[in-house]
Amino acid sequence: MAEYKWPDADKRTLIGKRISRTDGPHKVSGHARYNSDLNRPGMLHGRLLCSPHAHAKITSIDTSAAEAMPGVKAVYIIPDPDREIKWAGEEIVAVAAVDEPTARDAIRAIKVVYEVLPHSVLDTDPKAVGSLARPAQAQKVGDPDKGFAEAEVTAEGLYGMPVITHCCLEPHGSVIEWEDDKNLLVHLSTQAVSSIAAAMAPVLEIPAANIRVKQDHIGGGFGSKFGPDRWDFAAAQLSKKAGGKPVKIFLDRDSELMVAGARPSAYAKVKVGAKKDGTITAWQSESWASGGQGGGGSPPMPYIFNIPNQSKQHTAIQTNIGPQRAWRAPNHPQACLITMSALEDLAAAIGMDPLEFFLKNIELTGPRAEIYREEFQIAADLIGWKKNWHQRGDKTAGPIKRGLGLSLHTWGGGGHPSDCDITIQPDGSVELKMGTQDLGTGTRTTVEIVAADTFGLPMGVVKVLIGDNRFPTSGGSGGSTTIAGVSGATRRAALDALDQIFAKAAPALGAKPEDLEAVAGTILVKSNPAKRLTWKQACSKIGQVPITVRGKNPGPGKLGDSGVGGVQMADVSVDIETGVVRVNKIVAVQDCGLVIDIKTAESQVYGALIMGVCSALYEEKIMDAKTGKMLNPNMEFYKLAGIGDIGDLVVHMMTGKGYDERGVIGLGEPPAVSPYAALSNAVANAIGVRVPTLPLTPDRVLAALAKKGGSNARI
Amino acid sequence: MRGFEYASPTTKEQAVSLLGSSDDDAMALAGGTDLLSLMKDDIVAPRRLVNLKDVAELRGIRLLPDGSLRIGALVTVQELLDNAIVKRGYASLIHAADGITSPQIRAMGTVGGDLCQRPRCWYYRAGFGLLAKDKDGAALVPEGDNRYHAILGNTGPAYFVNPSSLAPALIALGAKLHIFGSGGQVEMNLENFFAAPTSANEKEYRLKPNEIVTEIIVPSAGGWKNATYEVRQKESLDWPLAAASVALKMSGKTIESARVVLGHVAPVPWRSGEAQAYLAGKTISEQVAETAGTLAVARASAMSHNGYKIQLARVAVKRAIMKAAQGGQR
Ligand SMILES: Cc1cc2nc3c(=O)[nH]c(=O)nc-3n(C[C@H](O)[C@H](O)[C@H](O)COP(=O)(O)OP(=O)(O)OC[C@H]3O[C@@H](n4cnc5c(N)ncnc54)[C@H](O)[C@@H]3O)c2cc1C
Numbered sequence: 051m052a053e054y055k056w057p058d059a060d061k062r063t064l065i066g067k068r069i070s071r072t073d074g075p076h077k078v079s080g081h082a083r084y085n086s087d088l089n090r091p092g093m094l095h096g097r098l099l100c101s102p103h104a105h106a107k108i109t110s111i112d113t114s115a116a117e118a119m120p121g122v123k124a125v126y127i128i129p130d131p132d133r134e135i136k137w138a139g140e141e142i143v144a145v146a147a148v149d150e151p152t153a154r155d156a157i158r159a160i161k162v163v164y165e166v167l168p169h170s171v172l173d174t175d176p177k178a179v180g181s182l183a184r185p186a187q188a189q190k191v192g193d194p195d196k197g198f199a200e201a202e203v204t205a206e207g208l209y210g211m212p213v214i215t216h217c218c219l220e221p222h223g224s225v226i227e228w229e230d231d232k233n234l235l236v237h238l239s240t241q242a243v244s245s246i247a248a249a250m251a252p253v254l255e256i257p258a259a260n261i262r263v264k265q266d267h268i269g270g271g272f273g274s275k276f277g278p279d280r281w282d283f284a285a286a287q288l289s290k291k292a293g294g295k296p297v298k299i300f301l302d303r304d305s306e307l308m309v310a311g312a313r314p315s316a317y318a319k320v321k322v323g324a325k326k327d328g329t330i331t332a333w334q335s336e337s338w339a340s341g342g343q344g345g346g347g348s349p350p351m352p353y354i355f356n357i358p359n360q361s362k363q364h365t366a367i368q369t370n371i372g373p374q375r376a377w378r379a380p381n382h383p384q385a386c387l388i389t390m391s392a393l394e395d396l397a398a399a400i401g402m403d404p405l406e407f408f409l410k411n412i413e414l415t416g417p418r419a420e421i422y423r424e425e426f427q428i429a430a431d432l433i434g435w436k437k438n439w440h441q442r443g444d445k446t447a448g449p450i451k452r453g454l455g456l457s458l459h460t461w462g463g464g465g466h467p468s469d470c471d472i473t474i475q476p477d478g479s480v481e482l483k484m485g486t487q488d489l490g491t492g493t494r495t496t497v498e499i500v501a502a503d504t505f506g507l508p509m510g511v512v513k514v515l516i517g518d519n520r521f522p523t524s525g526g527s528g529g530s531t532t533i534a535g536v537s538g539a540t541r542r543a544a545l546d547a548l549d550q551i552f553a554k555a556a557p558a559l560g561a562k563p564e565d566l567e568a569v570a571g572t573i574l575v576k577s578n579p580a581k582r583l584t585w586k587q588a589c590s591k592i593g594q595v596p597i598t599v600r601g602k603n604p605g606p607g608k609l610g611d612s613g614v615g616g617v618q619m620a621d622v623s624v625d626i627e628t629g630v631v632r633v634n635k636i637v638a639v640q641d642c643g644l645v646i647d648i649k650t651a652e653s654q655v656y657g658a659l660i661m662g663v664c665s666a667l668y669e670e671k672i673m674d675a676k677t678g679k680m681l682n683p684n685m686e687f688y689k690l691a692g693i694g695d696i697g698d699l700v701v702h703m704m705t706g707k708g709y710d711e712r713g714v715i716g717l718g719e720p721p722a723v724s725p726y727a728a729l730s731n732a733v734a735n736a737i738g739v740r741v742p743t744l745p746l747t748p749d750r751v752l753a754a755l756a757k758k759g760g761s762n763a764r765i
Numbered sequence: 006m007r008g009f010e011y012a013s014p015t016t017k018e019q020a021v022s023l024l025g026s027s028d029d030d031a032m033a034l035a036g037g038t039d040l041l042s043l044m045k046d047d048i049v050a051p052r053r054l055v056n057l058k059d060v061a062e063l064r065g066i067r068l069l070p071d072g073s074l075r076i077g078a079l080v081t082v083q084e085l086l087d088n089a090i091v092k093r094g095y096a097s098l099i100h101a102a103d104g105i106t107s108p109q110i111r112a113m114g115t116v117g118g119d120l121c122q123r124p125r126c127w128y129y130r131a132g133f134g135l136l137a138k139d140k141d142g143a144a145l146v147p148e149g150d151n152r153y154h155a156i157l158g159n160t161g162p163a164y165f166v167n168p169s170s171l172a173p174a175l176i177a178l179g180a181k182l183h184i185f186g187s188g189g190q191v192e193m194n195l196e197n198f199f200a201a202p203t204s205a206n207e208k209e210y211r212l213k214p215n216e217i218v219t220e221i222i223v224p225s226a227g228g229w230k231n232a233t234y235e236v237r238q239k240e241s242l243d244w245p246l247a248a249a250s251v252a253l254k255m256s257g258k259t260i261e262s263a264r265v266v267l268g269h270v271a272p273v274p275w276r277s278g279e280a281q282a283y284l285a286g287k288t289i290s291e292q293v294a295e296t297a298g299t300l301a302v303a304r305a306s307a308m309s310h311n312g313y314k315i316q317l318a319r320v321a322v323k324r325a326i327m328k329a330a331q332g333g334q335r
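Taken in sequence, the protein lines are chains F and Y.
Numbering follows the numbering used here, with no gaps: position 491 of the first sequence is 541.
Numbering follows the numbering used here, with no gaps: position 7 of the second sequence is 12.
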């Protein structure tokens with residue numbers, strides 16, 4: 051029986067090394083096919099009629115003109131039992147035609163009569179929206195009154211961030227076709243290949259087993275692509291009406307931004323108190339949030355710091371905007387921004403270096419306190435905190451002010467259930483199958499690393515097949531659960547397969563299976579390494595029938611864990627005459643247990659920091675109060691950072707003793723939590739005043755400076 | 006986008022004869038970086054596109070005998086940036102072109118197209134018309150989200166900002182425009198080309214549906230210090246929040262006369278008479294530049310969300326003057 055554990059550090063040949071993603075050349079050369087690139091034989095183009103109104107009743111729909119148009123093959127009214135539109139951009143009718151222009155013409159020919167109803171799209175002031183603001187939660191911890199009585203210094207402020215959208219570069223959508231009247235082939239842009247069939251089956255009234263789902267590559271999901279969407283069901287229905295022909299519906303950019311994903315906003319009025327020595331004594335927050343019809347999430351506040359006395363109230367605001375969806379670390383970025391900003395303001399009120407202040411209270415973070423301490427030390431060195439930090443307000447002459455800010459975060463992670471099949475052929479070739487997906491995180495690469503390292507093979511030998519629901523089931527890529535899930539299953543499958551190879555090869559080597567080891571393309575006798583077979587020779591002992599072994603996660607042995615943390619520090623320059631913020635540098639120090647591939651791990655963190663810069667400085671779903679429309683459903687005014695806007699990003703992964711033996715843990719969410727707070731704190735440090743809400747745009751920065759008064763407000 | 010007919014003439018006479026009496030009939034197509042977006046968003050729907058790119062006489066940059074510079078309407082933003090004569094004498098034009106930070110748009114977008122592109126007002130682009138009114142005829146901008154709208158010349162009914170970055174620089178340099186139509190060629194000061202519309206069926210520039218811009222003539226900038234300063238939030242693909250182009254005719258250390266034109270702050274490129282008058286006879290200093298900036302926005306007024314742009318415009322003028330004083334170095 052194999053012993054299910056990770057190889058010791060000195061035995062790792064690929065695990066933990068710096069390995070480029072195997073599909074990188076394929077992607078940068080344009081060869082990688084995304085489902086939105088697919089053009090199936092005989093394919094029809096689907097388009098959607100979407101509501102221009104944010105709230106309305108549908109009185110009537112007349113599709114006759116569209117149906118009569120040459121080239122139109124199917125028209126499908128999307129079912130909506132109460133015929134009530136609840137956000138602008140909600141889909142009403144889908145059309146499939148021989149080409150895209152015809153489908154668009156057909157959409158324009160459909161007549162919908164609406165009874166327009168009052169809408170509400172703003173969420174910045176709960177008092178302004180009446181009954182749409184509903185108390186959602188109230189909680190007391192300890193004795194807040196006593197906590198504030200003990201406080202010698204208090205700080206109060208408003209903090210928050212608006213709704214942003216997922217803005218996937220590959221929009222949501224699918225190409226769907228009926229292979230016959232019972233079997234459906236689905237090419238969907240999804241984070242959860244294995245679970246799409248079960249979600250589609252009841253609606254389409256066919257067995258889930260008859261639904262085939264495939265996806266080689268995905269152009270971003272960020273939490274918004276776990277299930278089939280309304281337009282995917284419409285594509286299936288259109289295909290059925292059109293005799294099974296493939297129907298392609300991928301959202302236009304404006305729909306992608308309006309309806310395909312929203313991260314809830316969160317705002318809070320916070321009061322925090324501490325003793326003069328920095329000991330935090332009490333927290334009070336009145337928060338509100340919105341993410342559409344359901345209100346927003348309730349951010350876990352105070353974040354990480356378990357302040358002894360707390361009083362909290364949360365309000366959910368219902369709005370007529372496209373529905374919220376999970377977004378990298380749901381609720382954490384909001385909680386982190388609000389908490390770390392409030393605490394940094396408190397440190398400033400005391401006159402204390404926030405690094406010292408955070409460390410002073412680090413025991414409140416619980417069992418990870420010592421790790422945070424170590425991470426802060428490393429981050430401080432990397433950004434030159436001691437040398438570059440100053441009290442609030444850069445006093446140097448000229449309009450450009452520089453500042454430093456910090457933050458810390460946590461996340462669970464831990465492996466999801468995953469099955470992995472490994473087949474070894476008598477000629478030594480190896481195939482690995484798993485119904486997982488590579489969300490762009492490097493899953494394809496990391497499972498190959500795990501299998502190859504286990505077999506003592508180099509990269510390029512194990513053929514990795516993923517992205518098909520006919521392969522063994524694997525969980526959705528969300529919640530930072532993929533890497534631990536797929537690598538646990540792969541390691542177990544590979545170890546079991548290797549056991550079988552050992553058993554077959556042992557007689558030829560005159561040794562017992564348990565005395566064998568797979569090293570550098572050979573199977574050798576541990577006590578006498580000269581006695582060896584090449585991998586190929588060893589596999590030839592299998593006989594005629596290949597070996598297939600299934601590995602599972604969870605399973606025997608401790609291969610994974612959950613619970614990680616990290617700290618980030620940001621260095622910014624702010625032009626106080628224009629309010630323009632520039633990122634000089636962000637340092638991220640992150641732990642995530644055993645790192646399978648240092649390069650793709652760092653790349654996860656880079657991506658998180660870039661998304662952090664985007665939403666800290668630029669992103670905002672701008673809704674027009676009067677018309678209920680999103681005003682910036684395009685890549686022009688839904689602003690994202692370009693390369694020149696990102697600054698210098700420095701990533702340090704915590705590895706080695708104390709980290710590696712925990713096994714594999716996920717990394718997708720945690721580094722996406724802190725950038726907002728670190729950047730907002732850095733801006734406050736630079737200009738001497740808090741800019742209360744994100745994004746940190748010139749108007750907000752100038753308004754904060756003007757409020758502070760002072761000569762900064764004008765040139 | 007709706008179906009359309011496509012014509013590709015090779016002379017300006019043919020081009021003009023293929024245009025019609027309204028934008029619904031026909032529209033001129035240069036680089037297409039704006040026009041195609043407008044068509045995709047169903048803001049315009051011409052029945053015919055008249056491609057200008059095969060009209061060779063609309064291309065090229067050259068010096069005219071009197072020392073002025075002739076820029077063909079089809080010259081791309083990138084060609085402008087790469088041109089040695091422009092680089093030598095017209096720093097403010099280089100600064101403005103350089104701000105258009107997308108290589109794709111610089112490669113396709115033309116100077117003529119930059120001057121004739123339509124406003125980016127998000128109400129206009131969402132289908133509420135150039136004057137952005139709701140179905141009851143109420144103006145959406147003054148009480149709506151006007152963070153990128155006008156702070157000068159914003160008494161209505163137009164509240165958008167002119168989107169061209171090249172126009173303020175060219176106006177400050179004293180550029181003229183050649184327009185060709187069925188009646189032949191007319192010359193117009195570029196400044197007079199732009200006018201805020203007063204009704205829904207007017208455009209923001211004076212060009213009949215069957216006329217085209219053929220070339221831009223820029224007088225020699227010898228003796229003029231010139232520069233453009235744009236306040237941009239991002240380095241990548243973005244619009245200036247406010248910008249200023251200045252040209253200062255120097256006599257020794259003294260400003261003999263000045264042209265100060267603000268961009269992205271009014272429905273037209275905004276010439277600041279106040280700042281110009283003040284600068285004449287002054288020696289350049291921080292203090293002088295700052296006062297000029299303050300005077301340039303003296304008549305500005307904020308709508309509900311764009312007050313911050315007054316500060317940005319003031320700073321843009323100040324910094325453009327200082328940049329010009331330093332020889333226009335970037
Ligand atoms: C994201 C983004 C950012 C941008 N940032 C900036 C910026 O910062 N500053 C800036 O100035 N611009 C900016 N642009 C706009 C860009 O510069 C213009 O789209 C471009 O210059 C238009 O030129 P074109 O040749 O593509 O025009 P087209 O799209 O072909 O035409 C635009 C309009 O002008 C008309 N037209 C074109 N040529 C002529 C002619 N010779 N005679 C008569 N009519 C004509 C067309 O009929 C049409 O109405 C940006 C664009 C985008 C998409």
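The beta-carbon is built from N, C-alpha and C at its ideal position, and this holds for glycine as well.
Three-state secondary structure assigned by DSSP to residue i
| i | result |
| --- | --- |
| Arg133(F) | coil |
| Cys386(F) | helix |
| Val166(Y) | coil |
| Phe767(F) | The requested residue 767(F) is not part of the displayed model; chain F covers only 51 to 765. |
Any non-hydrogen atom of ligand 1 closer than 8 angstroms to residue i Cβ
| i | result |
| --- | --- |
| Trp127(Y) | no |
| Ile48(Y) | no |
| Met113(Y) | yes |
| Gly117(Y) | yes |
| Gly2(Y) | This structure cannot settle anything about residue 2(Y), because the visible part of chain Y is limited to 6 through 335. |
| Thr219(Y) | yes |
| Cys121(Y) | yes |
| Glu216(Y) | yes |
Terminal residues of the alpha helix (DSSP H) in which residue i lies
| i | result |
| --- | --- |
| Leu40(Y) | 40-45 |
Residues that residue i contacts on chain Y, provided the C-beta gap is smaller than 8 angstroms
| i | result |
| --- | --- |
| Tyr668(F) | Gln238, Lys239 |
Residue interval of the beta strand (DSSP E) (run including residue i)
| i | result |
| --- | --- |
| Gln190(Y) | 189-194 |
| Met673(F) | No beta strand (DSSP E) holds Met673(F); DSSP gives it neither H nor E. |
Those residues which DSSP pairs with residue i across a bridge
| i | result |
| --- | --- |
| Asp431(F) | According to DSSP, which records beta bridges pairwise, Asp431(F) is partnered with nothing at all. |
| Val630(F) | Asp625(F) |
| Gly223(F) | Phe300(F) |
| Pro185(F) | Thr365(F) |
Contacts that residue i makes with chain F (C-beta to C-beta distance below 7 angstroms)
| i | result |
| --- | --- |
| Asp343(Y) | Since the first residue shown for chain Y is 6 and the last is 335, residue 343(Y) is missing from the structure and cannot be characterised. |
Under 9 angstroms from the C-beta of residue i: neighbouring residues of chain Y
| i | result |
| --- | --- |
| Gly197(F) | What Gly197(F) touches in chain Y: nothing, since even the nearest Cβ is about 39 angstroms away. |
| Ile693(F) | Glu240, Ser241 |
Partner residues on chain Y for residue i, Cβ-Cβ distance less than 7 angstroms
| i | result |
| --- | --- |
| Thr628(F) | Val236, Leu317, Val320 |
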